[in-house]
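Notes to accompany the following structure.
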Amino acid sequence: MPVTGGPWLSDTLSSFLSFTLLMGFSVPEKFSLAGSPRPVVGVIGQDVVLPCQLSPPAQLPSMDVRWRKIGSGFIPVHEYSDKGTQDLPGENYQNRTELFLKEFSNGNVSLKLKRLHVADAGKYQCFVRNPEWSREATTELRVQGPTGICFGARFVTRRKEKNCLVWTLGKTS
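Right, here's the structure in full:
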């Protein structure tokens with residue numbers, strides 16, 4: 320038995336289909352998140368950027384960005400929500416982190432870690448969430464000391480004697 324509704328149903332259905340085709344369906348766009356495929360190398364005492372890129376680029380309403388260090392659990396490093404930015408306590412990260420908020424619309428949700436410490440070495444997770452989906456990416460940070468410059472005082476190797484000046488960070492006694 321065919322369903323009939325008269326001209327009203329036909330006009331309503333036609334209007335709905337036209338509106339749907341014009342406006343498109345509200346299907347969430349597929350996003351991906353990428354960290355660095357290779358370890359990022361930073362130098363003690365200097366700043367380093369841990370890259371994290373959202374594709375396609377978009378500044379989303381209600382977007383949360385969390386950076387955490389991966390250890391025996393997750394150690395909070397930095398958190399952003401649409402309500403504002405805050406530094407989370409944990410492992411000496413207070414006042415040492417920064418997100419590039421003006422770059423969010425380009426998909427850049429990277430973390431700047433300031434005044435690098437030896438203890439900062441490890442794996443970091445970039446986590447982005449909105450009400451419809453969440454994505455995560457991991458980046459490894461390796462920390463090295465500053466390179467030495469040879470000049471001045473004598474340094475002896477097994478075969479040669481070299482002049483070497485050793486640089487240290489911090490106070491010496």
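Using the numbering used here, the first residue of the sequence shown is number 320, and each one after it goes up by one. C-beta: ideal position from N, C-alpha, C; glycine also. Bear in mind that the values here come from a model prediction, so they are computed numbers and not experimental data.
- In the three-state reduction of the DSSP assignment, Phe419 falls in the coil class.
- Considering only Gln365, Pro358, Phe393, the residue with the shortest C-alpha distance to Phe446 is Phe393.
- In the structure shown, Ser424 adopts helical secondary structure according to DSSP, grouped into three states.
- For Pro395, the enclosing beta strand (DSSP E) starts and ends at 393 to 400.
- In the structure shown, Ala438 adopts helical secondary structure according to DSSP, grouped into three states.
- Note on Gln365: under 16 other CB atoms within 10 angstroms of its CB, so exposed under the neighbour-count rule.
- The beta strand (DSSP E) runs of length 3 or more contained entirely in the segment 349 to 377 are, from start to end of the chain, 351 to 353, 359 to 362, 367 to 369, 372 to 374.
- Residue Tyr412 holds the alpha-carbon nearest to the alpha-carbon of Ala438 among Glu455, Tyr412, Trp452.
- Nearest neighbour of Lys421 by Cα position, chosen from Asn414, Thr458, Ser429, turns out to be Ser429.
- Residue environment analysis places Gln463 among the exposed positions, since fewer than 16 neighbouring C-beta atoms fall within 10 angstroms of its C-beta.
- The DSSP-derived three-state label of Glu451 is coil.
- Leaving aside the five residues that flank Lys433 on each side, the residues in its chain whose CB is nearer than 6 Å to its CB run, in chain order, Asp366, Arg415.
- For Lys388, the beta-bridge partners assigned by DSSP are Ile394, Tyr443.
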